[in-house]
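Quick note: the sequence shown, position 220, residue 220 per full-length UniProt numbering, numbers continuous.
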Amino acid sequence: MKNVIKHDAFDKKAFERFLNSNKYFQKLLSYYSHLHPIHEKLSEDIFYAFFKYVVEFNEAVEEKFRINKAILKGLIKNIEYEKIRLLTELDETNAGIATVILCEEIFKNFKKFNGSASDLVREILKQNSKNILEIIEGINSFGFGKGEKNYNDPEDKLKLANRILQDKKLLKIIKKLGKLKLLAINTYKNNVKQQLSEVYSVSLGNEIKYLLPKEIAYLSDEILYYEFIRRFIEKKLLNYSLISYKDSEGAIIVCLDHSGSMFGEKEIWAKAVVLSLIEIAKRKKRKIYYIAFDDDVRFEKEIDPKNIKYEDVIEIASVFYGGGTNFEKPISRAMDVIKEKYMDADILLITDGFAEVSDEFVEKLKEFKENYKVKLMSVFIEIFPTETLKRISDKNVKVYELVDDEAKKIYKLL
């Protein structure tokens with residue numbers, strides 16, 4: 001046998017689908033073609049080790065492929081491997097990402113794999129497990145497709161994996177995104193306030209959170225407990241209904257600075273924050289309208305958080321312009337978008353730059369905010385708020401460092 005790991009046609013098909021969809025993986029195997037055919041079978045076996053639900057070794061392996069067996073034994077006898085497998089079992093994209101990252105390091109060090117193959121692969125996995133988990137969690141943070149549950153579309157996941165392994169900037173954004181999304185969710189939950197509401201009717205149903213207290217009392221009695229279960233199944237429990245007095249919230253118009261000074265870590269952090277805002281918008285049932293600007297409006301896109309597409313992530317994360325800085329043009333465009341499509345929207349301006357605005361524009365914006373009930377919130381990345389933006393902003397936030405906790409300041413604005 002050439003393969004170390006037992007596999008079937010389903011496993012083989014999953015590996016081939018990932019390989020055929022991922023140009024970076026193909027280039028990696030081609031670059032190390034001098035290791036043929038050992039490296040090809042090794043990459044396949046590593047994929048199976050991450051992908052398969054039950055991993056079993058073939059007893060008989062050809063002499064030239066026994067080094068692969070030693071490497072695989074070192075791999076699976078590792079706590080880091082078990083952590084990664086929680087995210088890769090039966091998920092070809094996640095298993096493929098783990099395979100590519102691990103194979104690249106193994107191929108680089110292949111000459112060292114003589115008598116200490118197991119120990120060396122354990123050390124390689126230890127050094128790369130955090131990177132693998134961050135990338136997988138970043139990709140998993142988006143559900144591509146319609147519906148509340150937003151299951152990941154396998155084809156879109158494969159496309160995204162192909163792009164991020166070839167684009168180092170996109171890779172950094174996706175890695176940061178996984179953490180920021182969790183932070184956004186936790187910040188949202190901590191900021192949720194009880195809506196102003198009152199009970200206006202009682203009806204039959206089985207909504208646990210709206211049960212009348214007398215129904216809950218049934219759970220404390222062994223006999224009445226079964227009566228409770230029967231009525232729950234038949235939807236005959238007494239539920240109260242609430243009438244809410246809270247106004248619905250409009251869209252979030254995000255204006256992100258793409259001027260030259262934002263290039264690098266600021267750009268990566270800011271774009272990860274913008275993409276993580278989609279999670280808050282989804283939970284608050286708000287649309288997002290994205291405007292990229294430098295000395296002019298360069299790119300704009302409407303995003304439905306309940307139907308985020310692979311292309312949306314790529315467009316926002318990949319494109320950068322690098323010109324000067326102009327605040328009037330993106331804010332004016334945001335005003336036009338609100339007039340055309342949205343009411344009660346919020347404008348979120350994220351920048352690290354300086355630009356003047358005219359007195360005429362300040363008055364125009366003030367009148368617009370009053371008429372359309374709009375708030376303008378400005379986020380300053382590693383600079384102090386300028387007098388210009390203090391004049392036009394309802395709230396100002398200073399981000400001192402490009403760390404995850406600083407993003408909370410932005411989440412709390414919304």
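For glycine and all other residues, C-beta sits at the position ideal for the given N, C-alpha and C.
Problem - Residues near K111 in its chain [Cβ-Cβ closer than 6 Å; skip 5 each side] - result: none
Practice task
Could you pull out every residue in the same chain whose Cβ sits closer than 6 Å to the Cβ of A355, ignoring the five residues on either side in sequence?
Solution key: T325, N326 and F327
Problem - Classification of P213 by the beta-carbon crowding that lies within 10 angstroms, buried from 16 upward - result: exposed
Practice task
Compute the Euclidean distance between the alpha carbons of L376 and V254, then round it to the nearest angstrom.
Solution key: 10 Å
Problem - Exposure of F384, with buried meaning 16 or more beta-carbon neighbours within 10 Å - result: exposed
Handout entry: DSSP-derived helix/strand/coil call for residue 415
Key = Outside the shown range of the chain, which is 1 to 414, sits residue 415, and nothing can be said about it.
Exercise for the section: From the DSSP output, read off the bridge partner residues of L120. Expected result: DSSP output for L120 lists no bridge partner at all.
Handout entry: When T93, L72, Y310 and N94 are compared against F113, the one with the closest alpha-carbon
Key = L72
Problem - Bridge partners - G205, DSSP secondary structure assignment - result: L237
Practice task
For K185, I'd like the list of residues in its chain whose CB is within less than 7 Å of its CB, leaving aside the five on either flank, ordered along the chain.
Solution key: Going by the sequence as given, residue 185 is Ile instead of Lys. If we look at I185 and ignore the five residues flanking it on each side, its Cβ neighbours are E279.
Exercise for the section: Could you please give the first and the last residue of the uninterrupted alpha helix (DSSP H) stretch that includes A270? Expected result: E265 to R283
Exercise for the section: State buried or exposed for G322, treating a residue as buried only when at least 16 other CB atoms are found within 10 Å of its CB. Expected result: exposed
Practice task
Please determine, among D405, K309 and F65, the residue with the shortest C-alpha to C-alpha distance to I139.
Solution key: K309
Problem - Sufficient close CB pairs (3 or more, under 8 Å) joining the region 163-176 to the region 200-220 - result: no
Handout entry: Continuous beta strand (DSSP E) stretch holding Y290: start and end
Key = I288 to F293
Practice task
Would you check if the distance between the CB atom of M335 and the CB atom of V297 is smaller than 9 Å?
Solution key: no
Handout entry: Segment limits, alpha helix (DSSP H) that includes E302
Key = Element bounds for E302: not the alpha helix (DSSP H) but the beta strand (DSSP E), V297 to I303.
Exercise for the section: Kindly list the residues whose CB is nearer than 7 Å to the CB of S129, restricted to its own chain and excluding five residues on each side of it in sequence; keep chain order. Expected result: E80, K83 and I84
Handout entry: Pick from T99, L125 and L42 that is closest to N78, judged by C-alpha positions
Key = Check the Cα spacing between N78 and each of T99, L125 and L42: the tightest is with L125.
Exercise for the section: Could you check the C-alpha separation between D247 and M343 for me, to the nearest Å? Expected result: Low local confidence applies: a pLDDT of 48 at D247 is under 50, so the model's placement there is unreliable, with the coordinate-based value given in what follows. If you draw a straight line from the Cα of D247 to the Cα of M343, it comes to about 12 Å.
Exercise for the section: In the DSSP assignment, find the beta strand (DSSP E) that holds D346 and state where it starts and stops. Expected result: D346 to T351
Problem - For Y48, the nearest candidate out of L414, V4, E300 and D257 (CA to CA) - result: V4
Practice task
Express the C-alpha separation of I350 and K408 in angstroms, rounding to a whole number.
Solution key: Per the coordinates, the alpha-carbon of K408 lies some 14 Å from the alpha-carbon of I350.
Exercise for the section: Reducing DSSP to helix, strand and coil, say where L413 ends up. Expected result: coil
Practice task
Using the DSSP secondary-structure output, state which residues sit across from S259 in a beta bridge.
Solution key: G323
Problem - N58 in three-state terms, based on DSSP - result: Collapsing the DSSP output to three states places N58 in coil.
Practice task
Look up L19 in the DSSP assignment and say whether it is helix, strand or coil.
Solution key: helix
Exercise for the section: Check whether the region 5-12 touches the region 43-60, taking contact to mean three or more Cβ pairs, one atom from each stretch, closer than 8 Å. Expected result: yes
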